[in-house]
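All remarks here apply to the structure that follows.
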Amino acid sequence: MKKPIVNSLSVTTVNVPLKRPIVASLGTFEKWPYMLIEITCNDGTVGKGYIGPYLINYTPAITLTMKELFKNFQNREIAPYQFYNEGMNHLSLLGRSGIALYALAGLDIALWDASSKISNEPLCVHLGGTLNNVKAYNSSGLWMDDPKILYDEALELIEEGNFDAVKLRLGRKKIDDDYKAIENVKKGIGSNSLLLSDFNQCLTLPEAIHRLRDLDDQDLYWFEEPIKYYEFDGYKQLRKRMKTPIILGENFHGYDHAFTALKNNISDFIMPDLMRIGGVSGWLKTASIAESFQISVASHLFHEVSSHLMRVTPTAGLLEWTRWSDIILEEPYDLKDGHVVIPNKIGTGIDFNKETIKKYEFKI
Ligand SMILES: [Mg+2]
1 MKKPIVNSLS VTTVNVPLKR PIVASLGTFE KWPYMLIEIT CNDGTVGKGY IGPYLINYTP
61 AITLTMKELF KNFQNREIAP YQFYNEGMNH LSLLGRSGIA LYALAGLDIA LWDASSKISN
121 EPLCVHLGGT LNNVKAYNSS GLWMDDPKIL YDEALELIEE GNFDAVKLRL GRKKIDDDYK
181 AIENVKKGIG SNSLLLSDFN QCLTLPEAIH RLRDLDDQDL YWFEEPIKYY EFDGYKQLRK
241 RMKTPIILGE NFHGYDHAFT ALKNNISDFI MPDLMRIGGV SGWLKTASIA ESFQISVASH
301 LFHEVSSHLM RVTPTAGLLE WTRWSDIILE EPYDLKDGHV VIPNKIGTGI DFNKETIKKY
361 EFKI
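Structure below.
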C-alpha cells in the first residue's frame, strides 16, 4: 500500500513569555523559545510538532540544520522510523547530539504526528498502545525563590489540577534556606503528596555529598541532577551513599547516551527529554533500554507528546507537566485528578495558536 509523499517543511520560531519566570541556578528565564514545525504531505496531511531549544539566538542554526536534513526525506513516502535511523547515520558526520539531534527530533515529532493522522489514530494508538490519562506532577513553579512565598505557590500548584506531586528546586547558598523551602512546600501540599527535588546541576561532588546527606531524611521522592549531568562517577558515588533515589536524564543526548548511563548504574530513575533524546523514535529506543534495565522512566517537559509516549513505555513513571507551552497551543491538554488527559484526536492533538505566532514570532 502506498503511503503519502512528504512534500514540504515549515519552521516558525516564537519567543514567548513565561507566566512564572524560571529562577534556577542555571539562570533566570522570562521568555522561552519554541520552534514550531509543520510537515505537509501530498494528501494534505500536516504533521505538527515543536521543540524548545533554550537559547533563542541559536534557533536560526537549528532551522538551517532541519531544512538540510529534511532534504533527505523530501519526495519520499512517509516512514518516520526509517527516516530517523537514516538521519542518525547521516548525523554521525556532525555528531549524534546537540543541535543537530534537536533538528532531527523536531522533524521526527512532526513526521510521527503526520503518520498517525494518516492512520486516523491518536499517536499512542498508532504506536500500539491505548488511549488513557497519564499520571503527572506539577513542575510549573517552586523555583529558587524566597522560601516565604513557596507555601502559597505550592498550594496553588496542587489545586491547579488536583495534583498530588510537585517539584521544588533546591541548592540555595545556605542549607537552612533549603530546609525552609521544603518545610513551607510540605505544609502547602500536605503529607499525602510527593515532593520531588531538582538541583539543576548546581553542586560539585563534595558539596553534593554534604548537602544531600543533610537532606536525605526529608522524605523527598527524588534528588534530580545534583551535579553536572556528565559526571557519571560522581552519580555512582551519590547513589551508593544516599537512600533518596537519584534521577537524571533530561540531558541525555540520544538513546546511546541513555544506554551508557544505565549500563553504568548511575541513577534510580531516568527522565528523557523528548527533544534531546531524539524525538518519538529516540524515545521509543530509550524506553526499551530502560525496560531491559528495569528502570522507571519519568519525562522532561513536552508533556503533550511525552504523554502519548508514556502509554507505550513499559516502565513509565511520572510525567512532568508545566504551563509553558499553553500559549503556543490552540487547545492545551486538560488535567484531571493529577493526570494529563490525552485528547481523543488523531495525531498528537497539537495545533498552533495563530495569534501567538503573530505576536511573538522571532525573526533574525
Ligand atoms: Mg531538571
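Anchor point for the sequence shown: position 57 equals 57 in my numbering, and the numbering is continuous, going up by one each time. Just so it is clear, CB atoms sit at the ideal spot from N, CA and C, and this is done for glycine as well.
The three-state reading of DSSP puts I364 in coil, since its state is none of H, G, I, E or B. Its Cα nearest to that of Y229, the residue N251 stands out among N251, G106, A154, Q237.
Within 7 Å of the C-beta of N138 there is not a single heavy atom belonging to ligand 1. Within the DSSP bridge table, the entry for V11 names I37 as partners.
By the neighbour-count criterion, in which a residue is buried when 16 or more other Cβ atoms sit within 10 angstroms of its Cβ, R213 is exposed.
At least one heavy atom of ligand 1 sits closer than 7 Å to the Cβ of N200. For P17 against F29, the beta-carbon gap comes to about 10 Å, at or over 8 Å, which does not count as contact.
Unbroken alpha helix (DSSP H) runs of no fewer than 4 residues, entirely contained in the region 50-112, are found at 59-70, 80-91, following chain order. Secondary structure of R239 (DSSP, three-state): helix.
Taken through DSSP and simplified to helix, strand or coil, D337 comes out as coil.
Closest in C-alpha terms to P53, from the list L36, K358, T45, comes L36. E30 sits in a strand when the DSSP states are folded into three classes. The residue from L196, L238, N200 with its alpha-carbon nearest to that of I209 is L238.
Using a C-beta cut-off of 8 Å, the region 320-328 makes no contact with the region 279-296, since fewer than three inter-stretch Cβ pairs fall below that distance. Linking F70 to T45 through their CA atoms gives a straight-line distance of about 17 Å.
Secondary structure at K167: strand, using DSSP grouped into helix, strand and coil. Here DSSP, grouped into helix, strand and coil, assigns F199 to coil.
Contact between the region 123-132 and the region 298-310 is present, with at least three C-beta pairs closer than 8 Å.
W321 is bridged by DSSP to N138. Note: H300 is bridge-paired with D273 in the DSSP secondary-structure output. Placement of the Cβ of E225 at a distance of less than 7 Å from at least one heavy atom of ligand 1 is found.
The DSSP-derived three-state label of I227 is coil. Taking 7 Å as the cut-off, one finds no heavy atom of ligand 1 near enough to the beta carbon of E77. The beta carbon of Y360 sits closer than 7 Å to those of V14, N15, V16, all from its chain and outside the five residues before and after it, given in chain order. One thing to note: N184 has its Cβ no nearer than 8 Å to the Cβ of L220.
In the three-state scheme derived from DSSP, where H, G and I count as helix and E and B as strand, R311 is classed as coil.
Burial state of P272 is buried, judged by a 10 Å Cβ sphere holding 16 or more other Cβ atoms. Within the DSSP secondary-structure output, L248 pairs in a beta bridge with I270. Residue L194 holds the alpha-carbon nearest to the alpha-carbon of Y137 among L194, K354, T348, K187.
Across the structure, K48 and A79 are spaced so that their CA atoms are roughly 15 Å apart. When DSSP reads this structure, P147 sits in no beta bridge, so it has no partner.
The residue among T59, L142, G278 with its C-alpha nearest the C-alpha of V166 is L142.
By the neighbour-count criterion, in which 16 or more other beta carbons inside 10 Å mark a residue as buried, G27 falls on the exposed side.
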